[in-house]
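Protein chains: 2
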Amino acid sequence: MPTTDTKTALLNSAEHAARTLGFDGFSYADLAEDVGIRKASIHHHFPSKANLSVALMQRYLATFQETCSKIEADCPTGGARLTELIERYRVGSDDGKRLCLCVSFSASRDSLPPDVLDQISRFRSMIIEWMTETFKLGQSDGSITGTTAPALEAAAALSLFEGAQLAARAEENPALFDNAIELLRQRIRA
Amino acid sequence: MPTTDTKTALLNSAEHAARTLGFDGFSYADLAEDVGIRKASIHHHFPSKANLSVALMQRYLATFQETCSKIEADCPTGGARLTELIERYRVGSDDGKRLCLCVSFSASRDSLPPDVLDQISRFRSMIIEWMTETFKLGQSDGSITGTTAPALEAAAALSLFEGAQLAARAEENPALFDNAIELLRQRIRA
DNA sequence: TTCTACCTACCTACTGACAGGTTGCTTACA
DNA sequence: TGTAAGCAACCTGTCAGTAGGTAGGTAGAA
Numbered sequence: 001m002p003t004t005d006t007k008t009a010l011l012n013s014a015e016h017a018a019r020t021l022g023f024d025g026f027s028y029a030d031l032a033e034d035v036g037i038r039k040a041s042i043h044h045h046f047p048s049k050a051n052l053s054v055a056l057m058q059r060y061l062a063t064f065q066e067t068c069s070k071i072e073a074d075c076p077t078g079g080a081r082l083t084e085l086i087e088r089y090r091v092g093s094d095d096g097k098r099l100c101l102c103v104s105f106s107a108s109r110d111s112l113p114p115d116v117l118d119q120i121s122r123f124r125s126m127i128i129e130w131m132t133e134t135f136k137l138g139q140s141d142g143s144i145t146g147t148t149a150p151a152l153e154a155a156a157a158l159s160l161f162e163g164a165q166l167a168a169r170a171e172e173n174p175a176l177f178d179n180a181i182e183l184l185r186q187r188i189r190a
Numbered sequence: 001m002p003t004t005d006t007k008t009a010l011l012n013s014a015e016h017a018a019r020t021l022g023f024d025g026f027s028y029a030d031l032a033e034d035v036g037i038r039k040a041s042i043h044h045h046f047p048s049k050a051n052l053s054v055a056l057m058q059r060y061l062a063t064f065q066e067t068c069s070k071i072e073a074d075c076p077t078g079g080a081r082l083t084e085l086i087e088r089y090r091v092g093s094d095d096g097k098r099l100c101l102c103v104s105f106s107a108s109r110d111s112l113p114p115d116v117l118d119q120i121s122r123f124r125s126m127i128i129e130w131m132t133e134t135f136k137l138g139q140s141d142g143s144i145t146g147t148t149a150p151a152l153e154a155a156a157a158l159s160l161f162e163g164a165q166l167a168a169r170a171e172e173n174p175a176l177f178d179n180a181i182e183l184l185r186q187r188i189r190a
């Protein structure tokens, strides 16, 4: 009877480490200490660090897809959906102490296996498609102002969110996230 | 009379490495091979990696300040200045093969000495102040449309630029930079 | 002029620490 | 009795950094 599923505990620890320290910034030794098992035992669950990175990104992608579905179910308007997504990025930034896994992994691109690079592409496509639909909806229901090209808005918004996380991270100051996002927020009708 | 100044060659190599591999992704061994001296000799120029990171950021900040001054001298309108700055970020992205040093360093924040963190803050403040003035100018001379809050525009634009570099880097595809930036570009009057 | 002293720039050879990863053994439990 | 999960011990390679030395140049004083 393990306290929590060790594999999940390892994924949690690794995700936190990757998002704060970067992929090249954490080691199996760090995870071992954090989770409370020996370094060698990690290899039982994740034979290699490449392997671990794939599992990490896989879970991240799945979780994000669920999140988007949930937002869709809970929020009827485009504006409400966009507000909710911003909130996820804001919370994910953790007051400038973390980055989105996708951002962190993109910065250490050359250390990652091809599978992860594919997953990153899929992750980005998924969000951009979802946001394109969200901007379209916001355009037609009047809940987001000033939209003319939903697909371009979506691409810009994703860059803005990731850039905002980076801004907050750069100085470990959550206000910088809000500052960067403010103008977009003003376009959303309450 | 040395071929090229070794110290400069080391800074060039380190900057390239940091911007493609991240701060934790390159080693003195990499630099040694690239520059053509022995690993130990690097310590003659930069006693520690922390020391090197400071020199790197110092030069980067100085170069960027010069760039901004040059743009100011060459371009009379706010729109032209913004276009020029975007171009620097686009070129700096190197078709999705690099990131801004500031972005790359922010992602490995915890591996860097306090001096570099200060420099990063100063770097960001400098650009945001410069862009705030640029948006103000563009607002008054009519070369940038739709501006109501120049300071917020500047904060959003910096996040957008850095996010756009990240987007291009994520898939090593320069089109993603242009895509993310397009809507801002459309606000600039030729 | 030549000796001494000191310099920069680089070298070989090494250190202790730590990286990811492997082997083979021991539990626990179904 | 089989299997999953964990362990200690160890491997090889690499990390940043150090010790100590050399080649060649410069500057000053006798």
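Residue numbers (the working numbering), protein chains in the order written: chain A, 1 to 190; chain B, 1 to 190. Ideal placement from N, C-alpha and C gives every residue a C-beta, glycine not left out. From a predicted model like this one, the values you see are computed outputs, not experimental measurements.
Problem - Under 8 Å between C-beta atoms of B/Thr145 and B/Arg185 - result: The residue labelled residue 145 of chain B in the question sits at position 145 within the second sequence. The residue labelled residue 185 of chain B in the question sits at position 185 within the second sequence. Contact: no.
Exercise for the section: Please name the residue in A/Leu158, A/Gln58, A/Lys7 and A/Val103 whose C-alpha comes closest to that of A/Asp253. Expected result: One cannot answer for residue 253 of chain A here, as it falls past the ends of chain A, which runs 1 to 190.
Handout entry: Sequence-distant residues of its chain with Cβ nearer than 7 Å to B/Thr20 (five each side left out)
Key = By one-based count along the second sequence, residue 20 of chain B stands at place 20. Here the set comprises Lys97 and Arg98.
Practice task
Indicate whether at least one CB of chain A lies closer than 8 Å to the CB of B/Asn179.
Solution key: Counting from 1 along the second sequence, the entry for residue 179 of chain B is found at position 179. So, interface residue.
Handout entry: Cβ-based burial, B/Gly142 [other Cβ within 10 Å; buried from 16]
Key = The residue labelled residue 142 of chain B in the question sits at position 142 within the second sequence. The residue in question, B/Gly142, is exposed, as its Cβ has fewer than 16 Cβ neighbours within 10 Å.
Practice task
Quick one: using the 10 Å Cβ neighbour count with 16 as the cut-off for buried, is A/Lys49 buried or exposed?
Solution key: On the first sequence, residue 49 of chain A is found 49 positions in, with the first residue counted as 1. Result: buried.
Handout entry: Residue-level contact to chain B via CB, A/Ser108, 8 Å cutoff
Key = In the first sequence, counting from the first residue as 1, residue 108 of chain A sits at position 108. With 8 Å as the cut-off, A/Ser108 counts as an interface residue toward chain B.
Problem - Span separating the alpha-carbon of B/Ile86 from that of A/Ser41 - result: Taking the second sequence and counting its residues from 1, the one referred to as residue 86 of chain B is at position 86. Taking the first sequence and counting its residues from 1, the one referred to as residue 41 of chain A is at position 41. Roughly 49 Å between the two C-alpha positions.
Problem - Alpha-carbon spacing of A/Leu10 relative to A/Thr4, whole angstroms - result: The residue given as residue 10 of chain A occupies position 10 in the first sequence. The residue given as residue 4 of chain A occupies position 4 in the first sequence. Distance between the alpha carbons of A/Leu10 and A/Thr4: 10 Å.
Practice task
State the beta-bridge partners of B/Ile188 as determined by DSSP.
Solution key: As a position in the second sequence, residue 188 of chain B is number 188, starting the count at 1. In the DSSP output, where bridge partners are listed per residue, B/Ile188 has B/Ile144.
Practice task
For chain B, find out if any of its Cβ atoms is closer than 8 Å to the Cβ of A/Ala116; answer yes or no.
Solution key: As a working note, residue 116 of chain A is residue 116 in the first sequence. The question names Ala, but residue 116 of chain A in the sequence shown is Val. No - not a single Cβ of chain B is within 8 Å of the one on A/Val116.
Problem - Under 7 Å by beta carbon: chain A residues contacting B/Leu160 - result: Translated into the one-based positions of the second sequence, residue 160 of chain B becomes position 160. Here the neighbours are Ala156, Ser159, Leu160 and Gly163.
Problem - Alpha carbon of A/Ser53 to alpha carbon of A/Glu84, nearest angstrom - result: The residue given as residue 53 of chain A occupies position 53 in the first sequence. The residue given as residue 84 of chain A occupies position 84 in the first sequence. Cα-Cα distance, rounded: 27 Å.
Exercise for the section: Would you mind telling me which residues of chain A sit closer than 9 Å to B/Glu153, beta carbon to beta carbon, in chain order? Expected result: For the purposes of this step, residue 153 of chain B is taken as residue 153 along the second sequence, with counting starting at 1. What B/Glu153 touches in chain A: Leu183.
Practice task
For chain A, find out if any of its Cβ atoms is closer than 8 Å to the Cβ of B/Ile188; answer yes or no.
Solution key: The residue given as residue 188 of chain B occupies position 188 in the second sequence. For B/Ile188, the answer is no, since every Cβ of chain A falls outside 8 Å of its Cβ.
Practice task
Consider the Cβ of B/Asp141: report whether some Cβ of chain A lies at a distance smaller than 8 Å.
Solution key: Here residue 141 of chain B is taken as the residue at index 141 of the second sequence, counted from 1. No, its Cβ sits nowhere closer than 8 Å to a Cβ of chain A.
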